[in-house]
Each structure stands twice: as structure tokens, then as C-alpha cells.
Amino acid sequence: MSVETSFKYDKDYVSKFSESRQEPQWLLDLRLRALELAQQLPMPKPDKTKIDKWNLTEFNHISSKENGTELPEQVKALIGEDSEAGNLLVIQNGKTLRSSVTEELTSQGVIFTDLATAVKEHGDLLQKYFMNDGVSVDENRLTAIHAALVSNGAFIYVPKNVEVKAPLQAIYFHDDEQAGLVNHVIVAAEDNSSVTYVENYLSMNNEAESVSNIVSEVFAGSGAKVVYGAVDNLAKGMTSYINRRGRVGRDARIEWALGQLNDGNTVSDNTTHLVGDGSFTDTKTVNIGLGDQKQNFVAQIFHHGKSSEGYILTHGVMKDAASSIFNGITKIEHGATKSNGEQTERVLMLSEKARGDANPILLIDEDDVTAGHAASVGRIDPIQLFYLMSRGISKAEAERLIIHGFLGPVVNEMPLESVKKRLVEVIERKVR
Amino acid sequence: MSTPNLKIENLRVSIEDKEIIKGLNLEINGGEIHAIMGPNGTGKSTLSSALMGHPKYHVTEGDVSFNGEDLFEMEVDERAKAGLFLAMQYPSEVSGITNADFLRSAINARREEGQEISLMKFIRELDKKMELLEMDSSFAHRYLNEGFSGGEKKRNEILQLMMIEPKIAILDEIDSGLDIDALKVVAKGINEMRNPEFGCLIITHYQRLLNYITPDKVHVMMQGRIVKSGGPELAQRLEAEGYDWIKEELGIEDETVGQEA
């Protein structure tokens, strides 16, 4: 198969970039290998969404825009009360604007820093987690491009037995319309530790076209607990490829709460491997599509360990001529006895032209398990609308109430007040 | 403030090309309680749904003026804001919206921006009315009608009626599915509303609700029309003797819509 090779960054460029960031040899080697793979590997093939016309490969790597010293207003609005404890990372156009972590956490050995700093200061530790067991460099052309060009992100490391009580918040703010966003997050929670991480992605490029390529790798060691909350709110001009991947150890858990609320075309994959016996994951997602937006969402759980439990709950609202594919995949591997996998996908369509496609898939290679799924795709019930309007509520307001009602059960389940609040704000803006 | 008035002239209504209401006339004023009685299938519920603007019903002919305005020129929410209310036979369930939030939205929809009901006042009113209707306070925080029993839904309709305080209310078989105690509670709620600024049309096929709410006028509906009108004594005669005497008197064999000779 011939592969288009118009990708404009070469070996020389990547080497210089790596050098300028004082990166260790292993990372340079990884980047160069990735660069080669980027020329050879095929694009990812999201099920039921054609992305061959999407631009996910051509973008300006680094922003030339200078950041101010003050936090932009849009960023200030996102900083939750939860962050008052002082654990905050703000990255603007790929450059670190704020990075603070409390002395209390630092003294316990907790690392919460931007990726560029982690590369310099915690290279060996980072190497252990960076694109090894989570997302691999060679999965497809976009994971390879990600590794070759990753510019910043977050590195969170929680040592054994440390419980981080206050949530750690990261804001990735993009207001340079010319630059792409290649961001990488690692959350590594060692045995019996716990941490809550919340991130916001926000961009301003409604018109100008750009690309985001985002990877998160989350590791929960034995008995550890990670709560991962995200509100994706990238603008219309941003075409996004997002991978959030988790590996859960024995008796550990990862709880995902994802507001997948980008305005541009998006492929977003959330995959969790329940590796250890007694491991647990719970994926809750809220999704909205509007305009002529096309999106593909995967929520996927692999059960490897015995007595592992995986739950997926997805609610999506499609407006205008938006179309989305929701693939929920529960795979129970042979030997994962006594495991339980359950998933629910619900899609509400608000217009004749909107499309939503919910595909719950159960793949089970073990007899001694339980699993179940439910899916529904439907339009707003005209009788419901009539009922609300018969009390004097306008059509627009009635629709708004129905949408909130539809998404509410998922939003209310989100683990953090700040995520909940932010989700409601974005939903409010999008369904108006 | 002028007295509320709902005037229906020669109304014809179809559902999926089948004509259900076939030339109906009725006028309701503030201070009056009317009852429309009649066996099943005579078009009573169609009348109430069409007046409110249910999407399945099509008005093919006739005029309805509501306080002097053309009702059919208004959208459903405009009819409601003008003061029309329909307590539905089968209220919708709406997940994720609490009863209290819904009611507040409904009340505020009638008010100008900046004139919204204060939360304290709203809660006070809600508590008072829920107590009168013997509703558990937990109902305020449950999702709108979701998982409510038939009787609970009916009480909830009356609660909305009392909170919204419309000018003219239509109660569509509000008594069906209610036991005698619940019926009394619902009647108490409606009687509480009685005043010269409020008119009411009660649609029922039983006389029993009318034991607790004395109507000013009683109408009998058959074959999509009002075939007989009278005072409260008409309801009592219907209770005692059934509908056969009316059918005989009018030469009707089958009273349901579509069976007229």
C-alpha cells in the first residue's frame, strides 16, 4: 500500500527540536523511530467513520506566539475551587504558563509537572511509562506522529501508599490558530496510592484549521485508585485524534469521567485494560455534536484479570446535521473468570439531519462471566415537548430541559463538582 | 381585568384524516365550572388536546377565541402563557428534570426577565400546595412524573394547576385511576381555585367527581358534538339512569364517533 508522505517534519528538524529541549537520548531515539514509522504506518481506521478526508497530519508544530505572564480570562474561568489547594498546571499553546504543586505533595514524593520539565528532571521515571505499555508508538501513523512531535503535557507520579486528596488540575489552552496541539498526559499511581486528575482542553480556532493529537496513559498499580476527569472543548477548526488509555492492576480502579464536547471533527478512543484480578473501571461519557460535525467515540474495556469489573455509560446528543458513531466494546478474555462487563449507550437526536449510531459490542471468550448491554437511539418525543410547552415553556427551553434531563444522569454521576459545573456550562452553551 | 372567556364555535378536529369533533360549540367564562360527560369514544379527550394544541390533532374548521384572541394562531406555549391549562389524562414522564425545577421554569416563563419568582416564595407556595394535596415533599425533587403511579401523576397535574394559576383550565379525566380519598383531595384542590377569575372545563365519564365539585353547567358529548346541556341535575340523572335515555331521545344508536346515521 502506498502511503502519502507529505509530512513536513524531517529527521533533522526532530533532532534539533529534541536537542533544544535537552531531552535524554532514549526520547530522541524514540522520536526518530516514530518519525520513520510515521512515513510507513497507515492511518487509524475508526469503525464506521471515514476520516480519509480529514486533515490529521498537516499542522504547524510549534507555536511562535508569545504567552503573556497573566492567566488568560478563559483559563481563569476554568480554575475550580478544587484547585485552590495550589495544584495547577496551565499550558498555553504548548508552552507551560503555570506549574504549581503544594509542598505537602512534593515532600511525599508526588510529581505533578509539565512534560517538558519531566523530560529534563524525571527522565528515567518517565521512560518507564512513556508510550510503552499504554499507547504504543507503532499503532498507526497518528500515534507515531504523536511520539515524534509531542511538545508538552503533564506528568503525574504518585508513590506507593500516598493518597493525594486534593484534585490535580491541568488546563490546556490553545489560542494560537496557527499551531497544532500535540499533548501527552501520564498518570502513574503506584500501589495503594490514590489521585484525582482533572483536565480541560480549550481552543479558540473556530475558523482557522488545526490539528490536535492527544494521548493520555493512566496506570493504576495494585490497590491504587485513579479518578480521571476531562472536559474536551476544542473549537470548530480543530480536528482531533484523542487516545486515553488505562491499565489497571490487581484490586485497583480507574474511574473515567469524560465530557467529549469538542466542536470540531473528532476521533476519541478511551480504552482500559483490566489487567489485575479484581480490577475495576468505570467509563462515563457525555457527548454533544452540532453543526456538520463528525465524531467517532470508542469506549472499550478489556478484561484480562479474574473477577474484573468494567462499566460503560455513554449519553450523546446530536443536533443540526451532526453525526456520531458510538462504539462500546467489552472484551472478556479467556481466563477472566467471574468478570462482569456492562454498558449502556443512549443517543438523543434533535433534528431530522442529525445522526447517531450506537453499537454496543460484547466479545466474550470465557464462560464463567456476566455481561450486559443496552443501547437506544431516538428523537425528542413530540408528546414530551407538547407537555412541557403546555405549561408555558418555549420550545427552545423545553428542548433544553429535555437535553439536560437526558444528560443529567451521567453529569450527576461525575466524580468532581468542578467537572460537573464545567460540563453543565459547556452543555448549556452548546444546546442553546 | 376582564373575565376569562373561552369561546368555541363550530369546531371540527381530525386525527390522521379521521374526523373526531364534528361541529362543537361551547363557551366558558371565568367563575364557571363546566363538565363534559359522555361515554368513551365520543371525542371528549380530542377536544381538550386540540384546544391545547397537541401535535397529532388537526383543527379543520371552526373558531376558538380565548379572551378575545384567536387561539389557533398561538403556539402551544403561547396558549399556556395566555392562561390556558390542560391537566392531562396521560402526563409525560421527563427524566432528569425535577418537579420543582420544572414548575419554577413554568412559572417564570410567564414572567418578565428580572421578575422571576424568588426561590423562597416559590418553595413556600409549593410546600403549601403540596400539603393541601397531601403529597409527600419528596415529590418536589423527583424527576417529572417519572415512576409516579397513576394517582400521583394526577395529583401532580393539579399541583401544577394550582401553582401556575391559569385563567381557564381543562381537566381531562383527572378522576380516572383515583381512589375515593385521592378524588376528594383532587376536588379540594380544584375547589380551592374557584373564583371569578378562573373558569374550568372538567371532562369525565363518571359523575362521582361532580359529587365533590358542583358544576355550573353539564354537557353531554356524543358522536363528536355536544348533544345535551343542562345544570348539575343533568349529571345526577346520568348517574342514576345512564346515557340510554339521551340516545333514545335523540335517536342515536351508537354514540361513538363515526357511527352517526
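Chains A and B are the protein sequences, given in the same order.
Take any residue in the first sequence, count from 1 to its spot, add 1067: that is its number in this note's numbering.
Take any residue in the second sequence, count from 1 to its spot, add 260: that is its number in this note's numbering.
Just so it is clear, CB atoms sit at the ideal spot from N, CA and C, and this is done for glycine as well.
It should be emphasised that the depicted structure is a prediction, and the values quoted were computed from it without experimental measurement.
Coil, strand or helix - residue i by DSSP
{"i": "Glu-508 (chain B)", "result": "helix"}
{"i": "Lys-282 (chain B)", "result": "strand"}
{"i": "Lys-1430 (chain A)", "result": "It is worth fixing the name first, because residue 1430 (chain A) is Leu in this sequence and not Lys. Of the three classes helix, strand and coil, the one that applies to Leu-1430 (chain A) here is strand, per DSSP."}
{"i": "Glu-1376 (chain A)", "result": "strand"}
{"i": "Glu-1071 (chain A)", "result": "Because Glu-1071 (chain A) carries a pLDDT of 49, less than 50, the predicted location of this residue cannot be relied on, and the following value inherits that uncertainty. Note: Glu-1071 (chain A) maps to coil in three-state DSSP."}
{"i": "Glu-499 (chain B)", "result": "helix"}
{"i": "Gly-303 (chain B)", "result": "coil"}
{"i": "Asn-265 (chain B)", "result": "strand"}
{"i": "Ser-1418 (chain A)", "result": "coil"}
{"i": "Thr-320 (chain B)", "result": "strand"}
{"i": "Glu-1125 (chain A)", "result": "coil"}
{"i": "Arg-1165 (chain A)", "result": "strand"}
{"i": "Lys-1232 (chain A)", "result": "coil"}
{"i": "His-401 (chain B)", "result": "helix"}
{"i": "Gln-1089 (chain A)", "result": "coil"}
{"i": "Ala-1388 (chain A)", "result": "coil"}
{"i": "Ala-1275 (chain A)", "result": "coil"}
{"i": "Thr-1404 (chain A)", "result": "coil"}
{"i": "Leu-344 (chain B)", "result": "strand"}
{"i": "Ala-360 (chain B)", "result": "helix"}
{"i": "His-1213 (chain A)", "result": "helix"}
{"i": "Asn-1479 (chain A)", "result": "coil"}
Neighbour flag for residue i against chain A, beta carbons, 8 Å
{"i": "Gln-349 (chain B)", "result": "no"}
{"i": "Arg-415 (chain B)", "result": "no"}
{"i": "Val-273 (chain B)", "result": "no"}
{"i": "Gly-322 (chain B)", "result": "no"}
{"i": "Ala-340 (chain B)", "result": "yes"}
{"i": "Gly-356 (chain B)", "result": "yes"}
{"i": "Val-319 (chain B)", "result": "no"}
{"i": "Ala-366 (chain B)", "result": "yes"}
{"i": "Val-478 (chain B)", "result": "no"}
{"i": "Asp-432 (chain B)", "result": "no"}
{"i": "Ser-305 (chain B)", "result": "no"}
{"i": "Ser-352 (chain B)", "result": "yes"}
{"i": "Val-336 (chain B)", "result": "yes"}
8 Å Cβ cut-off: residues of chain A touching residue i
{"i": "Arg-370 (chain B)", "result": "Gly-1459"}
{"i": "Gln-420 (chain B)", "result": "Arg-1458"}
Beta-carbon neighbours of residue i, restricted to chain A and to distances below 7 Å
{"i": "Met-312 (chain B)", "result": "Ser-1457"}
{"i": "Leu-346 (chain B)", "result": "Ser-1457"}
{"i": "Pro-456 (chain B)", "result": "Result: empty, since nearest Cβ-Cβ is about 22 Å, beyond 7 Å."}
{"i": "Pro-315 (chain B)", "result": "Pro-1449, Phe-1453"}
{"i": "Ile-450 (chain B)", "result": "Result: empty, since nearest Cβ-Cβ is about 17 Å, beyond 7 Å."}
Any C-beta of chain B under 8 Å from that of residue i
{"i": "His-1340 (chain A)", "result": "no"}
{"i": "Glu-1464 (chain A)", "result": "yes"}
{"i": "Leu-1468 (chain A)", "result": "yes"}
{"i": "Ile-1253 (chain A)", "result": "no"}
{"i": "Gly-1326 (chain A)", "result": "no"}
{"i": "Val-1493 (chain A)", "result": "no"}
{"i": "Ile-1450 (chain A)", "result": "yes"}
{"i": "Gly-1475 (chain A)", "result": "yes"}
{"i": "Gly-1161 (chain A)", "result": "no"}
{"i": "Gly-1445 (chain A)", "result": "no"}
{"i": "Gly-1135 (chain A)", "result": "no"}
{"i": "Phe-1369 (chain A)", "result": "no"}
{"i": "Phe-1222 (chain A)", "result": "no"}
Residues bridged to residue i (per DSSP)
{"i": "Thr-1184 (chain A)", "result": "The partner list for Thr-1184 (chain A) (beta bridge, DSSP) is empty, contrary to what the question assumes."}
{"i": "Phe-1286 (chain A)", "result": "A:Ala-1255, A:Arg-1314"}
{"i": "His-1371 (chain A)", "result": "None; His-1371 (chain A) has no bridge partner."}
{"i": "Ile-473 (chain B)", "result": "BP columns for Ile-473 (chain B) are empty, so no partner."}
{"i": "Asp-1349 (chain A)", "result": "A:Glu-1322, A:Tyr-1378"}
{"i": "Thr-287 (chain B)", "result": "Reading the sequence as shown, one finds Glu at residue 287 (chain B) and not Thr. Paired residues: B:Lys-267."}
{"i": "Asp-1336 (chain A)", "result": "A:Asn-1310, A:Val-1365"}
9 Å Cβ cut-off: residues of chain C touching residue i
{"i": "Phe-1197 (chain A)", "result": "The chain labelled as chain C is not found among the protein chains of the depicted structure, namely A and B."}
Amino acids of chain B, ordered along the chain, whose beta-carbon sits closer than 8 Å to that of residue i
{"i": "His-1471 (chain A)", "result": "Gly-356, Ile-357"}
Amino acids of chain A, ordered along the chain, whose beta-carbon sits closer than 9 Å to that of residue i
{"i": "Ala-360 (chain B)", "result": "Within 9 Å Cβ-Cβ: nothing; Ala-360 (chain B) doesn't reach chain A, min ~13 Å."}
{"i": "Ile-424 (chain B)", "result": "Arg-1458, Gly-1459"}
Whole-angstrom C-beta distance between residue j and residue i, which should lie under 8 Å
{"i": "Leu-1328 (chain A)", "j": "Asn-1300 (chain A)", "result": "5 Å"}
{"i": "Pro-1234 (chain A)", "j": "Tyr-1264 (chain A)", "result": "7 Å"}
{"i": "Ile-473 (chain B)", "j": "Asn-455 (chain B)", "result": "Not a contact, Cβ separation roughly 14 Å."}
{"i": "Ile-1281 (chain A)", "j": "Asn-1332 (chain A)", "result": "In fact, because the Cβ distance is near 14 Å, the residues do not count as touching under 8 Å."}
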